[in-house]
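To start, the structure itself, in structure tokens.
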Amino acid sequence: MGTKRKLEDNLNSELVDFITELADYEKNVNRMMHKYNAYRKAATSIAKVDHKITSIDDVKNLEGVGKKIAAKIEQYLSTGKIKKFLRPAHARKLVDNENIKSIDELRKHPKLEQLLNHQQQLGLKYLEEIEQKIPRDEMKQMEEVLLKEIKTIDDDLKAEIVGSYRRGCKSASSDIDILLTHPTWTSKNKRDTTPLLQKVVQSLTKSGFITDTMALGDNKFMFNRNMRKIAQEQGYTLNEYSLRKYGQTGVPGNPIPITCEEDIFDYLGMDYKEPKDRNE
Numbered sequence: 001m002g003t004k005r006k007l008e009d010n011l012n013s014e015l016v017d018f019i020t021e022l023a024d025y026e027k028n029v030n031r032m033m034h035k036y037n038a039y040r041k042a043a044t045s046i047a048k049v050d051h052k053i054t055s056i057d058d059v060k061n062l063e064g065v066g067k068k069i070a071a072k073i074e075q076y077l078s079t080g081k082i083k084k085f086l087r088p089a090h091a092r093k094l095v096d097n098e099n100i101k102s103i104d105e106l107r108k109h110p111k112l113e114q115l116l117n118h119q120q121q122l123g124l125k126y127l128e129e130i131e132q133k134i135p136r137d138e139m140k141q142m143e144e145v146l147l148k149e150i151k152t153i154d155d156d157l158k159a160e161i162v163g164s165y166r167r168g169c170k171s172a173s174s175d176i177d178i179l180l181t182h183p184t185w186t187s188k189n190k191r192d193t194t195p196l197l198q199k200v201v202q203s204l205t206k207s208g209f210i211t212d213t214m215a216l217g218d219n220k221f222m223f224n225r226n227m228r229k230i231a232q233e234q235g236y237t238l239n240e241y242s243l244r245k246y247g248q249t250g251v252p253g254n255p256i257p258i259t260c261e262e263d264i265f266d267y268l269g270m271d272y273k274e275p276k277d278r279n280e
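If you count the sequence shown from 1, position 30 lands on 30 in the UniProt record's numbering, and the numbers rise without skipping.
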């Protein structure tokens with residue numbers, strides 16, 4: 001069976017990528033090979049799981065997944081990220097190049113807008129709020145406001161808060177997942193040509209429900225995400241450290257030699273785009 005087919009069958013490829021990225025950080029930044037090997041071993045075990053991993057119970061008995069790695073996986077499963085708004089390599093550059101050693105120093109830095117991208121600036125702006133849980137009662141209030149506002153946009157538009165809230169979780173949640181459905185929004189082509197999501201965001205922003213937007217459809221914040229998706233479709237995993245080919249076990253192999261940005265585009269069969277052209 002080919003590597004690409006193996007990847008398509010792996011329901012936990014995103015989690016494997018996450019663990020592999022942590023391994024890369026330990027190897028390339030911290031030079032901690034024992035931690036690198038530990039993460040790689042955990043990634044191999046996760047890649048062999050034949051069902052979707054949705055909770056910490058699914059990994060706690062896997063070979064190579066100890067308490068520390070399990071804790072990172074649990075946080076990733078609940079929030080989609082580890083508890084920081086910057087990737088490790090970027091944070092290291094801020095310390096080494098700008099001598100920034102605290103959140104307060106970063107917030108006061110005169111070149112803040114040049115040092116952080118849009119999403120990172122929002123992460124910094126709302127860092128304390130992001131780290132707090134959302135009480136279920138507060139989510140209920142948000143649901144009422146949301147449903148009322150949605151009705152003013154389109155009679156056929158439906159919205160529902162899903163995730164842990166829909167499952168009846170009594171405790172607080174890390175975030176709110178909202179599912180939007182519309183009878184005419186049934187294909188990718190329709191989604192790409194209908195500004196429905198934009199209308200929803202504009203309406204909720206006007207009402208004060210939304211204060212900031214990290215990304216909206218195929219705009220300037222989506223280039224990296226789309227490129228990583230193309231890489232995955234071709235059997236690669238791409239992150240800030242390396243481009244790797246997935247092996248037969250579903251775990252990324254050694255980094256492919258890269259000398260410049262153009263090499264990455266060539267490997268993926270993409271036309272090279274200058275940085276200034278990556279905003280569309």
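Beta carbons: idealized from backbone N, C-alpha and C, even for Gly.
Since we're looking at a predicted model, the values are computed, not measured.
What residue range does the alpha helix (DSSP H) around Gly253 cover? First-last for Gly253: Pro252 to Pro255, but that is the beta strand (DSSP E), not the alpha helix (DSSP H).
Helix, strand or coil: which one does DSSP assign to Lys52? The answer is coil: DSSP assigns Lys52 none of H, G, I, E or B.
When Ile230, Thr54 and Asp177 are compared against Ile134, the one with the closest alpha-carbon: Asp177
If distances are taken between C-alpha atoms only, which option among Leu94, Asp96, Arg40 and His90 comes closest to Ile69? Arg40
Alpha carbon to alpha carbon, how far is Glu14 from Leu77? Give it in angstroms, no decimals. 10 Å
In the structure shown, what three-state DSSP assignment does Phe127 receive? One point to set straight first is that residue 127 is Leu, not Phe, in the sequence displayed. Leu127 falls in the helix class under three-state DSSP.
Which of helix, strand or coil DSSP assigns to Lys220: In this prediction, Lys220 has a pLDDT of 48, which is less than 50 and means its spatial position is unreliable; what the coordinates show is noted afterwards. It is coil, neither helix nor strand.
Report yes if the C-beta distance between Asp24 and Tyr241 is below 7 Å; otherwise report no. yes
Cα-Cα separation, Leu147 to Asp212: 19 Å
Under DSSP, the alpha helix (DSSP H) around Thr181 begins and ends at which residues? Note, Thr181: premise wrong, no alpha helix (DSSP H); beta strand (DSSP E) at Ile178 to Thr181.
Does Ser78 come out as helix, strand or coil in the three-state DSSP assignment? helix
Since Ile103 is in the alpha helix (DSSP H), which residue starts that stretch and which ends it? Ile103 to Arg107
Using only the alpha-carbon positions, how far apart do Asp17 and Tyr165 sit? 27 Å
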